[in-house]
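Visitor: Using our numbering, read the sequence shown as starting at 755 and increasing by one per residue. Every residue, glycine too, gets a C-beta built ideally from N, C-alpha and C.
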Amino acid sequence: MTALQLAFVIPLLGAVGIALAGKWPNLRESITLATAVLLFGTVLQLLDPVLAGARPELVLFETLPGLSIAFKVEPLGMLFGLIASGLWIVNSVYSIGYMRGNQEQNQTRFYVCFALSLASALAIAFAANLLTLFLFYEVLTLMTYPLVTHAGTDKARAGGRTYLIILMGTSILFLLPAVIYVWHVAGTTDFTAGGILPAGMDSGAVSVLLALFMFGIGKAALMPFHRWLPAAMVAPTPVSALLHAVAVVKAGVFSVVKVIVYVFGLDTLAGATDWLVAIAGFTIVAASIVALHADNLKRRLAYSTVSQLSYVILAAAILAPLSIVGAALHIAAHALGKITLFFAAGSIYTAAHKTEVSQLDGIGRRMPWTMAAFGIGALSMIGLPPAAGFISKWYLVSGAMSQGAWLALFVVLLSTLLNAAYFLPIVYRAFFRPLSAEAVAHPHGEAPLPIVLALSFTAFGTLALFFFPDVPLALAQQLVKS
């Protein structure tokens, strides 16, 4: 069995094993960790061949002549696959500490759905054509719905309804017609370097098709189809990390970049993306302003994600090779930085039962590891060295300057200031303000060790990616050369 086949078989078998071991928590969680490690090791086996120019393929079956459910590992998919499978290991360690520390119910269902979500994410990452991507894009939505509604409360169910209605609604109303239209005009849905649309296609039709894809890929959270993301914050923090860093939103912006590069092609879109630059820029700034005024920590992080995702869309819409590299790198940088921030938020909730920014006075003295990691994640989101977000923003800005995309450049600079305005006060409050009277009366330390280990690891990874960006950079550069 090839590594590509194993990449799908391992999480599916893991889900079965987790379900069977549900009565024995230690065994169940051991299976979860073993599955995650095996999956990452399997995906890692594909890296050297892809860097060497190979494109491993797997065809499951053909539905119609030339229309198949098939997989092909190309550079962008390789990067997404590494991110998703690698962070599943860390998220599993974190989940053990969080789910036990908060005595969460339905833990077996949680771990099963997580494994199935990872299988879906990898199917999206390695999809060889639009039909396969669309199919598993929908499966990922369905597999994550039980995670969003995990708490079982009225608020959780309401958040889950919003999540399902927006994501399923946009994909059926916009994305599916776009896929069908591409099949109609191109005769194929296979992802191909340089695009697959026929030469000389009417510019108006290109713009409409682009709009169908951009708004149909609701997981990218482009305004006005972004509300599912803050609504889904009713989920436990490990699920928030899955939504924001490991699978869901990454599947969204990954699909945006893949469609622009492999369906349209940069040359076909020349002059057709000005409106997308404007919408992405508006989303970046508007979401940053909402985050600036949000006192609830997870809500602030959620709107930060809405903003950061549109950096990827903005970079792709600039259509410069440098900005495409920046878009791919930002998928990786955001994954590490944002998972660190959500891990820290969950750590604070678990140890101190705090959910609001205004409650965090002096908490850095009680939880130094957690808040130091939060500070590193914040630096990456702002785009300051020595954190990974600096590198992706560097390429984004360089691409904007090479194309004379001054609106995009202005948006990046303004949003960087806004990012600093809503992140740095949290760090200042945590380390430089005195403890609140309530905190003095109810002392606490750090969260359980698995939580602290996980957030420390991802914070270290955020720094390491700044100093050692070789692998993601090589994959991102292959993307624009392929």
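Which first and last residues belong to the alpha helix (DSSP H) in which residue 1059 is found?
Guide: First-last of the alpha helix (DSSP H) with residue 1059: 1051-1072.
Visitor: Mark residue 857 as exposed unless 16 or more other C-beta atoms lie within 10 angstroms of its C-beta, in which case mark it buried.
Guide: exposed
Visitor: Going by beta-carbon coordinates alone, are residue 1080 and residue 1131 separated by less than 7 Å?
Guide: no
Visitor: Please report the Cβ distance between residue 983 and residue 1059, rounded to the nearest whole angstrom; I am assuming they are in contact, meaning their Cβ atoms lie under 8 Å.
Guide: 6 Å
Visitor: Can you tell me which of the three DSSP states residue 944 falls into?
Guide: strand
Visitor: Got a sec? Which residues, its chain only, sit under 7 Å from residue 1261 by beta carbon, not counting five neighbours each side?
Guide: With the chain running from 755 to 1236 in the structure shown, residue 1261 is simply not present.
Visitor: Just to confirm, are residue 734 and residue 966 a CB contact at a threshold of 7 Å?
Guide: With the chain covering only 755 through 1236, there is no way to say anything about residue 734.
Visitor: Can you name the residues that DSSP bridges to residue 1136?
Guide: Residue 1136 pairs with nothing; no bridge assigned.
Visitor: Can you tell me the Cα-Cα spacing of residue 853 and residue 861, whole angstroms?
Guide: The alpha-carbon of residue 853 is positioned some 7 Å away from that of residue 861.
Visitor: Tell me residue 883's beta-bridge partners as DSSP assigns them.
Guide: DSSP lists 944 as partners of residue 883.
Visitor: Less than 6 Å between C-beta atoms, sequence neighbours within five positions excluded: which residues of the same chain meet that for residue 1202?
Guide: 851, 855
Visitor: So does the stretch 916-929 actually touch the stretch 793-800, counting three or more Cβ pairs closer than 8 Å?
Guide: no
Visitor: Alpha carbon to alpha carbon, what distance is there between residue 777 and residue 1066?
Guide: 43 Å
Visitor: I'd like the span of the alpha helix (DSSP H) that includes residue 783, first residue to last.
Guide: Note, residue 783: alpha helix (DSSP H), 779-798.
Visitor: Taking 7 Å as the threshold (C-beta atoms), are residue 1074 and residue 1156 in contact?
Guide: yes
Visitor: Which one of 949, 846, 1031, 758 has the shortest CA to CA distance from residue 1022?
Guide: 949
Visitor: Does the beta-carbon distance from residue 1039 to residue 1169 come in below 7 Å?
Guide: yes
Visitor: Quick one: grab the DSSP three-state call for residue 812.
Guide: strand
Visitor: Going along the chain, which residues of its own chain have a beta-carbon closer than 6 Å to the beta-carbon of residue 1147, five neighbours each way excluded?
Guide: 1137
Visitor: Exposed or buried, what is residue 1182 when buried is set at 16 or more other beta-carbons lying within 10 Å of its beta-carbon?
Guide: exposed
Visitor: Quick one: residues in its chain with C-beta nearer than 8 Å to the C-beta of residue 791, no 5 flanking neighbours on either side, listed in chain order?
Guide: Once the five neighbours on either side are set aside, the close Cβ partners of residue 791 are 843.
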